[in-house]
Amino acid sequence: MITNNLKDIRRDYGVTQQELAEGVGTTRQTIHSIESGKSLPQLELALKMAYYFDVNLEELFFLDVKGTIEESVEPFSIFGKN
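In terms of this note's numbering, the sequence shown has 56 at position 45, counting the first letter as 1, and numbering is strictly consecutive.
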């Protein structure tokens, strides 16, 4: 599951959802939807947000691996099945 720190980072910078939306060329509703975890941004928008805050993309969005990897992804082995 991909989760994000967008709301925390935005608040740390003292930026409103509307200001961020205008800065990256989207709507306030889109920012709200991303912050609440209801949707994920397209890569271009995610990169614009990282650039806007001068942070790495991984600081905004990250994979929450608590149980997720083990449940949904089989380990890869060059020797066949594990």
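Every residue gets a Cβ at the ideal spot worked out from N, C-alpha and C, and that includes glycine.
Rounded separation between residue i and residue j - CA only
i	j	result
serine 50	phenylalanine 90	38 Å
aspartate 65	aspartate 75	22 Å
leucine 31	arginine 21	8 Å
Reference residue i, options the options, closest by Cα
i	options	result
asparagine 16	Val76, Lys77, Glu69	Glu69
valine 26	Gln53, Val76, Tyr63	Tyr63
histidine 43	Val66, Asp19, Leu58	Asp19
glutamate 33	Leu74, Lys59, Gln53, Asp23	Lys59
tyrosine 24	Ala57, Ile13, Ala61, Thr41	Ala61
Three-way DSSP call (helix, strand, coil) for residue i in this model
i	result
threonine 14	strand
phenylalanine 64	helix
leucine 51	coil
C-beta atoms of residue i and residue j nearer than 7 Å
i	j	result
glutamine 28	arginine 39	yes
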